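Read through the structure below, which is laid out as structure tokens, and then see the notes.
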Amino acid sequence: MRKAFPNGTVALDGLDLAVRRGEFLSLLGPSGCGKSTALRLMAGLGEPTAGTVQRPAGAKLGFVFQEPTLMPWRTVWGNVRLPLQMAGLSRGDAEPRVADALERVGLTSFARAYPRQLSGGMKMRVSIARAIATQPDLLLLDEPFAALDEITRGNLNDDLLRLWQGHGLTIVFVTHSVYESVYLSSRIVVMAPRPGRVVADIPLPPPTARTEEYRSAPSYVADCRTVSAALKSAIHA
Amino acid sequence: MRSQRLLLALLPIVTGIVVLVAWEAVVRLNDIPPYILPSPLAIGAKLIEDWGTLSSSLWVTLDITLMALLAAIVGGGGLAILFAQSRWVEASLFPYAVVLQVTPIIAIAPLILIYVHDTRLALLICAWLVAFFPILSNTTLGLNSVDHNMLDLMQLYRARRGQVLWYLRLPAAMPYFLAGLRIAGGLSLIGAVVAEFTAGTATGGTGLAYRILESGYRLDIPRMYAALVLLSLTGIVIYGCTSLLSWLVLHRWHESAVRRDR
């Protein structure tokens, strides 16, 4: 697959990537390597210049942007209900799904709040709740936690893992953090810039128990080192 | 904190009273005749004395103003929505909206009065011409200022054009529209008055602007002031109403209407 923009920038060239059902795939790379572009193409936002994007028929998508991208005039509840509303669900049919999505991100008691009343981390949770409200098969996240502080980020990482393990989701996660990607993923694809392409495909051990201890386990540290090395060579490639 | 807010609200009232008292004093101490400068009390007395004529004139002007404002909301808002649908439509029509706006209404009014025989309709058209532009330009800006990620999101949800307009573009444009409405409210009154002045006595108008002209011919200066007071009050009430509406719509979510906690 190839993607060039009208201004002449070649964002992606020769990208060939298969996402497997049920995996947690991280796209890791320096800025400008086209990882966000690749994610957007997967979502169907824009068409590749050459090549194709294939999605299983009837697969439902959830997308989380780098910013929370909430409607300030809607309450938390209203924001999470939006995709269901667009899909034509009645208020009554949407209600249990919205409640369930909010519960899964721990925001049940904030249902009636407006986005401006929430912290950055909470807004991001709303954004995730909105993405899972449609009960998607594939969840795409574009550097969702980049703007958050370390602690909030850690909590949201754990939330995301719980969502993934509990619901048989397939997740594609774009990040530029080595530690985050190793902590979360079952597979990491490292990309290099100019033009954007895949330079390494690293499978990781099955994510049995990812807890605080995991972050200090020797295997985690070793994996981080491997991925770091791959990223470093990608930058200099 | 509370007493400070009260003080801030009282200050302009106190200023007004001081000015009025000084005015009254200057007129009385210098024995200025009312046909040169009437005192505030004389103006008040005239307001009560001629209330029958003045109030019916007030209704005429108010009727034109409010109808023009309504037409401006429908026309300006409607055109903005049309512009948002297609860049082509916007590109072909927007320059002419600007031309209508920058040509002084007082120069167009005589022409409108020639072609439109129904005076009320002619006045309405004049006032509308002045009032619709701020609504049009603000709403157009608002409809086009939607966050691109939001638009992507709507595309992912496979939202129809109408849904994008109703659920995303219109609410996002609301603060812009309301800001335009506040300007248009004042302008529609100005438009109505300017048109009445142009129509003058020839067409047998009865609005407040006509009363000012007529009182001027008769050197009834206190009545000119009384009509002016009513015009000002009308403008203040319109501004108050549009501001209140704006607050009611926005206060729960928009930064402009939310009090800062410090």
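The listed protein sequences correspond, in order, to chains A and B. Numbering-wise, the first sequence is residues 1 to 237 according to our numbering. Numbering-wise, the second sequence is residues 238 to 499 according to our numbering. Just so you know, even glycine gets a beta-carbon here, dropped at the ideal spot from N, CA and C. These numbers come from a predicted model, not from an experiment.
inquiry  = What are the residues in the stretch 88-121 of chain A lying within 9 Å of chain B by C-beta distance?
reply    = Y114, P115 and R116
inquiry  = Which residues in chain A have a C-beta closer than 7 Å to the C-beta of B/Q400? List them in chain order.
reply    = M86
request  = Could you work out which residues of chain B lie near A/W164, taking near to mean beta carbons separated by less than 9 Å?
outcome  = Result: empty, since nearest Cβ-Cβ is about 20 Å, beyond 9 Å.
request  = Run through the stretch 311-386 of chain B for me and flag every whole alpha helix (DSSP H) of 4 or more residues, listed as ranges in chain order.
outcome  = 324-339, 342-352 and 356-381
Endpoints, the beta strand (DSSP E) within which A/P203 is located = R197 to P203
task = Taking A/E47 as the query, report the chain B residues whose CB atoms sit under 7 Å from its CB, ordered along the chain.
result = The contacting residues do not exist; A/E47 stays about 12 Å from chain B at best.
message = Looking only at its chain, what residues have a beta carbon closer than 6 Å to the beta carbon of B/L257, apart from the 5 residues adjacent to it on each side?
response = P277
request  = Report the partner residues of B/F434 according to the DSSP bridge assignment.
outcome  = Answer by DSSP bridge pairing: none, since B/F434 is not bridged.
query = Between B/A500 and B/T479, what straight-line distance do the alpha-carbon atoms span, to the nearest angstrom?
reply = Missing from the structure shown is residue 500 of chain B; chain B here goes from 238 to 499 and no further.
key: Candidates B/Y333, B/A317, B/I351 and B/V367: closest to B/N375 by CA position   = B/A317
message = Counting only Cβ pairs nearer than 9 Å, list the residues of chain A close to B/N386.
response = F65, Q66, E67 and T69
inquiry  = My parser needs the alpha helix (DSSP H) runs of 4 or more residues fully inside the stretch 138-202 of chain A; what are they?
reply    = 150-167 and 178-184
query = Any beta-carbon of chain B closer than 7 Å to the one on A/P72?
reply = yes
query = Roughly how many angstroms separate the alpha carbons of B/L485 and A/D201, rounded to a whole number?
reply = 55 Å
request  = Report the residue from A/H167, A/Y220 and A/V98 whose alpha carbon sits nearest the alpha carbon of A/P203.
outcome  = A/Y220
ask   = With burial defined as no fewer than 16 other Cβ atoms inside 10 Å of the residue's Cβ, what is the status of A/K232: buried or exposed?
value = exposed
inquiry  = Spatial neighbours of A/A131 within its chain, please: C-beta separation below 7 Å, excluding the five flanking residues on both sides.
reply    = G62, F63, V64 and L139
Segment contact, 8 Å Cβ cut-off, at least three pairs: the stretch 378-385 of chain B with the stretch 423-432 of chain B = no
Through-space distance from B/G253 to B/K283, alpha-carbon basis = 20 Å
message = Given this structure, state the Cα-to-Cα distance separating B/I427 from B/G417, to the nearest angstrom.
response = 15 Å
ask   = Whose Cβ in chain A lies nearer than 8 Å to the Cβ of B/H491?
value = P72 and W73
ask   = Which residues does DSSP pair with A/G51 in a beta bridge?
value = Partner(s): none; A/G51 has no beta bridge.
query = For A/V190 versus A/A222, is the C-beta spacing smaller than 7 Å?
reply = no
Nearest residue (CA-CA) to A/L84, options A/A101, A/A57, A/R215 and A/S26 = A/A101
CA nearest to the CA of A/S119, picked from A/L160, A/G88 and A/L70 = A/L70
ask   = For A/K232, does the three-state DSSP call read helix, strand or coil?
value = helix
key: Rounded distance between the beta-carbons of B/A359 and B/Y350, thought under 8 Å   = Note on residue identity: the sequence assigns Leu, not Tyr, to residue 350 of chain B. Sure, about 5 Å apart at Cβ, within 8 Å.
key: Partner residues on chain A for B/D389, Cβ-Cβ distance less than 7 Å   = L45
ask   = Are the stretch 105-123 of chain A and the stretch 38-58 of chain A in contact at 8 Å, needing three or more beta carbon pairs?
value = no
Delimiting residues of the beta strand (DSSP E) encompassing B/V401 = It is not in any beta strand (DSSP E) - B/V401 carries neither H nor E in the DSSP assignment.
request  = Inspect the CB distances between the stretch 159-172 of chain A and the stretch 23-40 of chain A and report whether three or more fall short of 8 Å.
outcome  = yes
ask   = Where do the ends of the beta strand (DSSP E) carrying A/L61 lie?
value = L61 to V64
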